[in-house]
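Asker: Handing you this structure, nothing more for now.
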Amino acid sequence: MIQTLPLMAGLVGLSGFQFLLVASQLALVLSVLVLLVIWWVEWRNGRVW
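Mind the numbering: the sequence shown is residues 1409 to 1457 in our numbering, read in order.
Set out below in structure tokens:
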């Protein structure tokens, strides 16, 4: 039992880590797109400093 726990935790941790990696990449891309849209709207209104 003691030896199977790290194995199971490693497998679950790996898939959880992969999900976290994909989610963080999607959040990064989404935030960049939102910032670009905000910049574009401000640029069209002539308020870019």
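Cβ atoms here follow ideal geometry from the backbone N, Cα and C, with glycine treated the same way.
Just how far apart, CA to CA, sit W1448 and V1437?
Answerer: So the two alpha carbons sit approximately 16 Å from each other.
Asker: Work out the CA separation of S1432 and G1454 for me, nearest whole Å.
Answerer: Going by the C-alpha atoms only, they are around 33 Å apart.
Asker: Straight-line CA distance for R1452 to V1445?
Answerer: Taking the straight line from one Cα to the other gives about 11 Å.
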